[in-house]
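Protein chains in written order, with the numbering used here: chain A, 1 to 425; chain B, 1 to 311.
Cβ atoms here follow ideal geometry from the backbone N, Cα and C, with glycine treated the same way.
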């Protein structure tokens with residue numbers, strides 16, 4: 001029995017030591033793989049995986065010494081964290097902007113500056129400086145991730161519905177400089193009928209409307225202004241779209257049939273969403289004319305939300321040098337052209353975004369410019385405890401307003417109180 | 001007498017048998033040690049660190065995470081919600097499954113078919129069930145509100161109102177789990193010898209009296225088992241809440257309106273994987289572990305008073 005106990009003790013000891021080494025992992029010398037296999041983790045389904053494989057095909061043909069293994073796990077964020085914590089991360093991974101800040105803060109990303117400096121393909125001048133700055137260390141200015149693509153929220157609209165109602169299209173209004181929030185609401189009201197809504201807006205994407213009313217709600221990484229008249233006005237505006245004006249469905253109606261499906265079924269005249277929906281609608285071959293226009297303007301300037309994603313090389317990646325070659329290609333002009341041509345995403349290389357390749361993508365007459373008109377805006381400043389505050393505290397409390405459980409004033413006051421506490425945590 | 005002594009004393013045949021016994025049990029024991037014993041101990045260890053899960057340098061903070069636990073209103077609400085949920089499940093699921101078991105224990109038309117129907121939710125994936133229930137519980141289009149409408153009820157905002165979120169969760173979980181407990185109760189009922197009922201009949205005991213004085217006491221070991229397993233499973237509620245209440249807001253944590261469906265494990269998961277507080281999450285795991293050990297030992301102590309092992 002004693003021997004058994006001793007044996008069990010030994011097993012525990014070995015396990016404990018091996019797991020404790022997780023903490024120490026990455027501090028020692030990294031083992032470099034001689035071969036050219038790069039593990040590349042991304043989100044999305046089989047379709048997106050095939051798209052990326054298509055982007056990589058010319059690169060792999062030019063570099064027979066390399067192979068790229070693409071992994072698309074379910075629950076991407078959880079899996080990536082677990083792999084990083086376990087010291088076995090992929091060589092390349094997608095990092096949403098808030099996640100980038102988190103991983104960089106923890107020292108889990110490779111400094112890419114030395115690669116960028118030595119590269120003949122990478123050209124900082126061909127990127128929006130704000131985008132590169134977002135993915136750089138705030139103190140040293142060194143790059144830790146290269147922007148992959150970006151998405152701005154725009155208004156998709158059903159041309160046929162506007163034509164039938166005898167209304168000028170949002171693009172026509174935009175070109176005349178008349179695409180204001182008042183006009184936006186006015187056409188939404190006219191187009192709301194028994195069968196269709198004038199607008200489809202997912203309440204969970206409340207962030208899209210906030211910059212218009214309260215552009216300075218994020219004062220610093222440790223100060224948010226939520227119980228302000230401007231922020232409350234924004235929340236009331238979103239809520240009134242249903243409660244007062246009836247132009248947007250209720251949250252329950254949207255849960256039942258998603259806004260994306262409602263739009264494709266012709267049950268909504270306008271729909272606010274990002275670039276990724278363009279590809280979905282293109283593939284679905286919608287049975288009506290549709291186009292996109294920037295969000296309504298104020299003083300000649302559109303306010304929207306910018307989602308950015310970057311490529312990063314985790315600090316413990318086995319093959320960082322080869323990983324850089326893949327990133328360098330994908331974010332280079334050659335690699336960005338197929339991205340632009342497919343219309344899949346907004347290219348990060350300025351020369352490609354402004355080129356015919358992107359502007360002519362999707363189909364003739366499609367207003368691709370709507371997506372790049374306002375990309376000068378850098379993504380929102382990432383404040384402390386971002387995910388918990390942004391998605392869980394704010395999202396959940398605001399949802400109470402949109403479902404009639406609380407007033408905007410009450411919710412914003414409560415959010416402010418909670419957020420002030422969480423920012424100190 | 002130690003294993004070694006017993007092995008020496010046993011006959012060679014016995015010894016071979018014992019050896020094979022250990023070989024067969026070994027992998028399972030090893031599995032339990034590696035995948036359950038070690039993580040449990042390791043959980044205790046990391047609960048003393050401030051660690052972001054992806055961080056390389058955890059800070060040792062001693063009992064800091066435990067101090068934070070008792071001062072965290074969200075955690076305290078999660079604890080309260082979890083207890084309400086467990087109580088709800090115990091109060092509704094056990095009597096309901098006993099009722100069904102008694103019903104199906106007698107011969108009845110389509111009995112076998114109905115048993116299968118009641119058991120089907122048990123073998124259906126929780127994620128799939130939760131997705132379907134999101135629709136069942138929809139305020140305007142949900143089938144539940146549709147039926148309630150026949151009785152003149154107003155539409156109940158099951159998934160949007162903090163007051164209804166927990167009842168919604170309990171209703172769905174009872175529906176999902178009642179078939180499993182029903183099967184256990186049926187097995188328990190089959191084990192009760194008919195001689196007790198025959199004797200009671202001769203003495204003129206009413207069916208209700210027989211149920212109270214024979215069925216319930218002799219079913220008590222099964223009831224104890226069901227109560228314990230149901231309770232432990234209920235304390236670990238996670239997937240139902242996560243799926244049922246996600247989608248309401250972008251990247252929602254699944255905690256329901258105003259955190260009304262936030263439970264200990266869900267909060268633990270969100271802390272560890274979403275909010276970068278792995279050490280704090282581990283402290284919550286330890287808290288849950290202690291609660292479960294405490295409640296189980298209280299139940300085991302109390303069972304002497306009401307559990308009868310003589311069927």
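When the five nearest sequence neighbours on each side are left out, the beta carbons in the same chain lying within less than 6 Å of the beta carbon of residue 129 of chain B are those of 176, in order along the chain.
In this chain, the alpha helix (DSSP H) harbouring residue 276 of chain A covers 276 to 284.
Apart from the 5 residues on each side of it in sequence, residue 256 of chain B sits with its Cβ closer than 6 Å to the Cβ of 165 and 245 in its chain, given in chain order. If you draw a straight line from the Cα of residue 357 of chain A to the Cα of residue 337 of chain A, it is about 7 Å long. Taking the Cβ atoms as the reference, residue 210 of chain A lies roughly 16 Å from residue 184 of chain A, outside the contact range of under 8 Å.
Exclusion of the five residues before and after residue 230 of chain B leaves 89, 90, 93, 94, 177 and 181 as the residues of its chain whose Cβ lies within less than 8 Å of its Cβ. Taking a Cβ-Cβ cut-off of 9 Å, the neighbours of residue 274 of chain B in chain A comprise 77, 78, 387, 388, 391 and 392, given in sequence order. Secondary structure at residue 287 of chain B: helix, using DSSP grouped into helix, strand and coil. When the five nearest sequence neighbours on each side are left out, no beta carbon in the same chain lies closer than 8 Å to the beta carbon of residue 50 of chain A. For the 8 Å CB-CB criterion, residue 50 of chain B and residue 279 of chain B form a contact. Residue 286 of chain B and residue 58 of chain B have their alpha carbons spaced roughly 18 Å apart. Look at the segment 95 to 141 of chain A and you find these whole runs of alpha helix (DSSP H), each 4 residues long or longer: 97 to 105, 113 to 118 and 129 to 134. Within the model, the alpha-carbon separation for residue 292 of chain A versus residue 182 of chain A is close to 18 Å. In the three-state reduction of the DSSP assignment, residue 260 of chain B falls in the coil class, being assigned neither a helical nor a strand state. Judged by DSSP secondary structure, residue 200 of chain A falls within the beta strand (DSSP E) whose first and last residues are 197 to 200. In the assembly as shown, residue 161 of chain B is a buried residue. Its beta-carbon has 16 or more other beta-carbons within 10 Å. Within the DSSP bridge table, the entry for residue 156 of chain A names A/271 and A/292 as partners.
Taking a Cβ-Cβ threshold of 9 Å, none of the residues of chain A is close to residue 243 of chain B; the smallest such distance is about 13 Å. Against chain A, the beta carbon of residue 141 of chain B has neighbours under 7 Å at 256, listed in chain order. Per the Cβ contact rule, the segment 137 to 148 of chain A is in contact with the segment 299 to 317 of chain A (3 or more Cβ pairs under 8 Å). Residue environment analysis places residue 288 of chain A among the exposed positions, since fewer than 16 neighbouring C-beta atoms fall within 10 angstroms of its C-beta. Chain order gives the chain B residues near residue 103 of chain A as 54, where near means a beta carbon separation below 7 Å. Between the C-alpha atoms of residue 121 of chain B and residue 179 of chain B there is a straight-line separation of about 7 Å. As the crow flies, the alpha-carbon of residue 223 of chain B is around 23 Å from that of residue 198 of chain B. With 16 or more neighbouring CB atoms inside 10 Å of its own CB, residue 75 of chain B falls in the buried class. The continuous alpha helix (DSSP H) containing residue 171 of chain B extends over residues 162 to 190.
Distances from the alpha-carbon of residue 190 of chain B to those of B/300, B/39, B/77 and B/104 put B/104 closest.
Remark: C-beta atoms of residue 238 of chain A and residue 203 of chain A approach each other more closely than 8 Å. The residues 200 and 205, in chain order, have a CB closer than 8 Å to that of residue 213 of chain B in the same chain once the five nearest residues on each side in sequence are set aside.
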